[in-house]
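Chains V and B are the protein sequences, given in the same order.
Take the first sequence: its letters are residues 77 to 227, numbered as in my numbering.
Take the second sequence: its letters are residues 77 to 227, numbered as in my numbering.
Ideal Cβ positions, reconstructed from N, Cα and C, are used throughout, including at glycine.
Protein chains: 2
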Amino acid sequence: MYQIVIYMFSKACEYGIKASIFIALSSYKGVRVSLKAIAKEINSPEAFTAKILQDLVRHDVINSMKGAYGGFEIDKSLISSIKLSDIVNAIDGDAIYSGCGLGLDTCDEDHPCPVHHKFKSVREELRFMLENTNLEELALNIKSGASFLKV
Amino acid sequence: MYQIVIYMFSKACEYGIKASIFIALSSYKGVRVSLKAIAKEINSPEAFTAKILQDLVRHDVINSMKGAYGGFEIDKSLISSIKLSDIVNAIDGDAIYSGCGLGLDTCDEDHPCPVHHKFKSVREELRFMLENTNLEELALNIKSGASFLKV
DNA sequence: TTAAAATAGGATAAAATTATCCGAATTAAA
DNA sequence: TTTAATTCGGATAATTTTATCCTATTTTAA
Ligand code: FES
Ligand code: FES
Numbered sequence: 077m078y079q080i081v082i083y084m085f086s087k088a089c090e091y092g093i094k095a096s097i098f099i100a101l102s103s104y105k106g107v108r109v110s111l112k113a114i115a116k117e118i119n120s121p122e123a124f125t126a127k128i129l130q131d132l133v134r135h136d137v138i139n140s141m142k143g144a145y146g147g148f149e150i151d152k153s154l155i156s157s158i159k160l161s162d163i164v165n166a167i168d169g170d171a172i173y174s175g176c177g178l179g180l181d182t183c184d185e186d187h188p189c190p191v192h193h194k195f196k197s198v199r200e201e202l203r204f205m206l207e208n209t210n211l212e213e214l215a216l217n218i219k220s221g222a223s224f225l226k227v
Numbered sequence: 077m078y079q080i081v082i083y084m085f086s087k088a089c090e091y092g093i094k095a096s097i098f099i100a101l102s103s104y105k106g107v108r109v110s111l112k113a114i115a116k117e118i119n120s121p122e123a124f125t126a127k128i129l130q131d132l133v134r135h136d137v138i139n140s141m142k143g144a145y146g147g148f149e150i151d152k153s154l155i156s157s158i159k160l161s162d163i164v165n166a167i168d169g170d171a172i173y174s175g176c177g178l179g180l181d182t183c184d185e186d187h188p189c190p191v192h193h194k195f196k197s198v199r200e201e202l203r204f205m206l207e208n209t210n211l212e213e214l215a216l217n218i219k220s221g222a223s224f225l226k227v
């Protein structure tokens with residue numbers, strides 16, 4: 077049996093999104109968080125999470141500070157403008173919404189695969205969701221206890 | 077960079093879906109198709125495709141016949157009742173629509189992850205699409221030249 | 001009955017993703 | 001200035017997914 081079929085996200089993205097939310101939450105309180113604290117909070121492997129955070133830093137989604145009392149943070153005033161798609165793009169590169177669902181070289185209206193029209197709406201909805209969900213709202217829901225980062 | 081983020085389907089599923097469509101198309105004409113012909117038509121690796129076809133046979137999505145003049149086929153009268161979700165389920169097992177988008181142990185209304193409510197609708201639309209698309213319509217679109225299996 | 005054409009299935013290999021380890025560089029406090 | 005706490009980054013390992021190879025089995029036609 078050839079495992080799992082419909083991933084919404086890779087592990088890398090899962091960790092990236094959850095980490096970003098936790099960093100945002102902490103940044104509201106004005107405190108930087110360490111890799112160790114993040115991995116513990118989101119229940120992810122430390123070293124792997126580090127790689128993903130480095131990616132997010134390079135793409136200016138989050139900031140980092142080395143050394144004692146260092147850690148990760150996000151500029152408070154930017155939290156509401158960071159979208160899920162920014163995080164996903166940072167980890168993926170781009171070419172996210174462009175690929176054909178059935179693996180044709182390009183997704184092309186004029187040369188569609190059998191599921192093209194059926195998938196288009198699903199993909200567009202996914203895209204819309206990613207581009208219209210920001211870190212602030214996700215963080216606030218964690219804060220209020222309306223959602224959870226682990227278990 | 078930690079590649080690709082949003083898969084709709086695994087390669088195994090892509091090949092499984094495309095192969096099924098081609099087999100359906102051929103079955104309407106009353107001819108069995110060989111693995112070789114399928115792999116060529118959908119532009120997939122032969123041996124890997126063989127494994128996936130075996131899965132589909134075991135799950136009674138398609139039929140196979142060994143020996144000279146053997147190959148794969150689908151009972152003509154069943155083509156319209158085979159849904160995309162049947163193919164996907166055969167290759168995946170199940171547990172498809174159940175998992176949490178952010179990797180929590182379970183997707184649970186009472187203990188939702190930060191993206192749960194946002195994702196629910198996307199996932200439901202995907203599910204609806206898979207359960208309401210049948211092989212017949214996909215095959216007919218190939219036949220009419222409205223869609224394509226490769227390139 | 002034999003030979004050729006196919007699928008079935010086990011073993012293995014390659015590639016991609018996920019995960020770990022360790023030393024280097026940086027920072028702040030003591 | 002030293003030390004401890006951290007992130008950074010390269011190397012490597014484990015796991016999963018994708019792909020290949022080879023032999024056995026089945027089936028039909030000659
Ligand atoms: S061509 Fe396949 S999804 Fe558009
Ligand atoms: S709990 Fe994460 S998608 Fe439902």
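Legend entry - Beta-carbon contacts of L225 (chain B) that lie in its chain and below 8 angstroms, excluding the five residues immediately before and after: Stepping through the second sequence from its first residue, residue 225 (chain B) is reached at position 149. In its chain, beyond the 5 residues on either side, K94, I97, F98, E117, I118, N119 and I218 have a beta carbon closer than 8 angstroms to the beta carbon of L225 (chain B).
Legend entry - Start and end residues, alpha helix (DSSP H) containing F195 (chain V): In the first sequence, the residue the question calls residue 195 (chain V) occupies position 119. DSSP places F195 (chain V) in the uninterrupted alpha helix (DSSP H) bounded by H192 to E207.
Legend entry - Inter-residue spacing [alpha-carbon to alpha-carbon] between E90 (chain V) and L178 (chain B): One-based indexing of the first sequence puts residue 90 (chain V) at position 14. One-based indexing of the second sequence puts residue 178 (chain B) at position 102. Roughly 5 angstroms between the two C-alpha positions.
Legend entry - L206 (chain V) beta carbon less than 7 angstroms from that of S174 (chain V): Translated into the one-based positions of the first sequence, residue 174 (chain V) becomes position 98. Translated into the one-based positions of the first sequence, residue 206 (chain V) becomes position 130. No, Cβ-Cβ distance for S174 (chain V) and L206 (chain V) is not below 7 angstroms.
Inset, instruction - Report the rounded CA-to-CA distance for N208 (chain V) versus R108 (chain V), giving the unit in angstroms. - result: Against the first sequence, residue 208 (chain V) aligns to sequence position 132. Against the first sequence, residue 108 (chain V) aligns to sequence position 32. Looking at the two C-alpha atoms, the distance is approximately 26 angstroms.
Inset, instruction - Alpha carbon to alpha carbon, how far is V133 (chain B) from A126 (chain B)? Give it in angstroms, no decimals. - result: Locating residue 126 (chain B) in the second sequence gives position 50, counting from the first residue. Locating residue 133 (chain B) in the second sequence gives position 57, counting from the first residue. Here the alpha carbons of V133 (chain B) and A126 (chain B) stand approximately 10 angstroms from one another.
Inset, instruction - Determine, using beta carbons only, whether L211 (chain V) comes closer than 7 angstroms to chain B. - result: Here the question's residue 211 (chain V) lines up with position 135 in the first sequence. Output row for L211 (chain V): interface = no.
Legend entry - Minimum length 3: unbroken beta strand (DSSP E) runs contained in the segment 147 to 192 of chain V: 147 to 149
Legend entry - Through-space distance from V198 (chain V) to L180 (chain V), alpha-carbon basis: Along the first sequence, read from residue 1 onward, the residue named residue 180 (chain V) stands at position 104. Along the first sequence, read from residue 1 onward, the residue named residue 198 (chain V) stands at position 122. In a straight line, the C-alpha of L180 (chain V) is about 18 angstroms away from that of V198 (chain V).
Inset, instruction - Give the residues of chain V in contact with S223 (chain B), contact being defined as C-beta atoms less than 9 angstroms apart. - result: Translated into positions along the second sequence, residue 223 (chain B) becomes position 147. Residues of chain V passing the Cβ test: H187, P188, C189, P190, V191, H192 and H193.
Legend entry - Length of the line joining the Cα atoms of K112 (chain V) and K105 (chain V): For the purposes of this step, residue 112 (chain V) is taken as residue 36 along the first sequence, with counting starting at 1. For the purposes of this step, residue 105 (chain V) is taken as residue 29 along the first sequence, with counting starting at 1. The alpha-carbon atoms of K112 (chain V) and K105 (chain V) are separated by roughly 18 angstroms.
Inset, instruction - Tell me whether G177 (chain V) counts as near ligand 1, meaning its Cβ is closer than 6 angstroms to at least one heavy atom of that ligand. - result: Along the first sequence, read from residue 1 onward, the residue named residue 177 (chain V) stands at position 101. Flag set: Cβ of G177 (chain V) near ligand 1.
Inset, instruction - Using the Cα positions of E212 (chain V) and R203 (chain B), report the straight-line distance between them to the nearest angstrom. - result: Translated into the one-based positions of the first sequence, residue 212 (chain V) becomes position 136. Translated into the one-based positions of the second sequence, residue 203 (chain B) becomes position 127. About 29 angstroms.
Legend entry - Partners in chain B for D217 (chain V), counting only beta-carbon separations shorter than 7 angstroms: Taking the first sequence and counting its residues from 1, the one referred to as residue 217 (chain V) is at position 141. One detail in the question is off: residue 217 (chain V) reads as Asn in this sequence, not Asp. Near N217 (chain V) (Cβ distances below 7 angstroms), the residues of chain B are P190.
Inset, instruction - Report the three-state DSSP secondary structure of V81 (chain B) (helix, strand or coil). - result: Within the second sequence, numbered from 1, the residue matching residue 81 (chain B) stands at position 5. Confidence at V81 (chain B) is low in this model, with a pLDDT of 42, below 50, so the placement of that residue is unreliable and no value is reported for it.
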